[in-house]
Amino acid sequence: MRLAVNIDHFATVREARGGIEPDPVHAAVIAELAGASGIVCHLREDRRHVNDRDVRVLRDTITTKLDLEMAATPKIITIAMDIVPELVTIVPEKREELTTEGGLAVAGNEAHYSELTQRFHDRGIEVSLFIEPEASQIEAAAACGVDIIELHTGTYANARSRAAKDIQLERLRVASALAAQAGLVVTAGHGLDLRNIGPLAEIHAIEEVSIGHALVARAMFIGLEQAVREFIVAIA
Ligand code: PXP
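Numbering (the numbering used here), first residue to last: 24 to 259.
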């Protein structure tokens, strides 16, 4: 399993003072040198953390893979087409949310996501859809011709009891097997940390995890390079 590092919250800290430190681009370089398989950033409509300059400089700096997380709005699509990241991950976005709350409703909107996927493919950009671990969403994503699905692990991460965690792990196991059978690359993310990543890492159909908050939190105490190495060991 590979580790993609979401660097949004380095920009969150920068925005707390409105200055230039810490630079999320520096974070991306350190994360890559420590072994991250890719760098993820979410260019939000309200630019609350990562901004247009960051995405441009990240594009020129990153040597692994830039995964631009984004809502499928016309303005952000135009920016993505201009920047040409290796990958876009389409997420639902609400201005009032603290973080991405749920998966995309792909089922029932196949025509929209098929057309969008084709537009990105024409530009040489791979497409991932962030979805709940549900058969209907996986089948719809496969029908749209996307390359990757990212399974939303938030319900698993928030489960408190052992039994509740096991139910969510089983959902993720079944969903990832179904997606892999449909020829999709399977990744996962949201709310993952050093306490809950172990059992998820045993689901071999999941090829990569995308982790931000817990990694940045850990980096505050032990440094980013060491934190990335720690997470890589935890998913090995
Ligand atoms: N994957 C997606 C699609 C997300 O929206 C987020 C949050 O930005 C993450 C992964 C990372 O979640 P976390 O910050 O909880 O690790």
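Glycine is no exception: its CB is placed at the ideal position from the N, C-alpha and C atoms.
In the three-state reduction of the DSSP assignment, Ser-137 falls in the helix class. Annotated as proximal: Asp-90 and Thr-112, with beta-carbon spacing under 8 Å. In the structure shown, Ile-161 falls within a helical segment according to DSSP collapsed to helix, strand and coil. At a cut-off of 7 Å, the beta-carbon of Asn-132 does not count as near the ligand PXP: no heavy atom of the ligand is closer than that. For Arg-146, the closest C-alpha among the options Glu-109, Phe-244, Glu-120 is that of Glu-109.
Note that the region 126 to 144 does not touch the region 186 to 193; fewer than 3 beta-carbon pairs, one per stretch, sit closer than 8 Å. Between Val-48 and Thr-84, the C-beta spacing is below 8 Å.
When the five nearest sequence neighbours on each side are left out, the beta carbons in the same chain lying within less than 6 Å of the beta carbon of Ala-237 are those of Asp-216, in order along the chain.
If you draw a straight line from the Cα of Arg-70 to the Cα of Ile-100, it comes to about 15 Å.
Across the structure, Ala-228 and Glu-44 are spaced so that their CA atoms are roughly 38 Å apart. When rounded, the separation of the alpha-carbon atoms in Glu-253 and Gly-214 is 17 Å. Cβ-Cβ distances below 6 Å link Phe-33 to Pro-45, Pro-47, Ala-50 in the same chain, with the five nearest sequence neighbours on each side left out; the list follows chain order. Taking the CA atoms as reference points, Ala-205 sits about 16 Å from Val-129.
Selection Ser-137, Ser-159, Met-24 evaluated against Arg-194 yields Ser-159 as nearest (Cα-Cα). The C-beta distance from Leu-66 to Val-78 rounds to 6 Å, short enough to fall under 8 Å.
About 7 Å separates the beta carbon of Glu-173 from that of Ser-233, a gap short enough to meet the 8 Å contact definition. Cβ neighbours of Glu-38 within its own chain (closer than 8 Å, five residues either side excluded): Arg-71, His-72.
DSSP places Val-52 in the uninterrupted alpha helix (DSSP H) bounded by 47 to 56.
Note on the region 49 to 122: whole alpha helix (DSSP H) runs with a minimum of 4 residues are 75 to 84, 97 to 106, in chain order. In the DSSP assignment, His-175 falls within the beta strand (DSSP E) that extends over 171 to 175.
The closest CA to that of Ala-257, considering only Ala-240, Gly-246, Arg-218, Ile-245, is found on Arg-218.
Taking a C-beta distance under 8 Å as the contact criterion, Ala-250 and Met-24 do not qualify as a contact pair. Boundaries of the alpha helix (DSSP H) harbouring Gly-221: 220 to 224, taken from the DSSP string.
For Thr-176 and Ala-211, the gap between their C-alpha atoms comes out near 6 Å.
With a 10 Å radius around the Cβ and a threshold of 16 neighbouring Cβ atoms, Ile-226 comes out buried.
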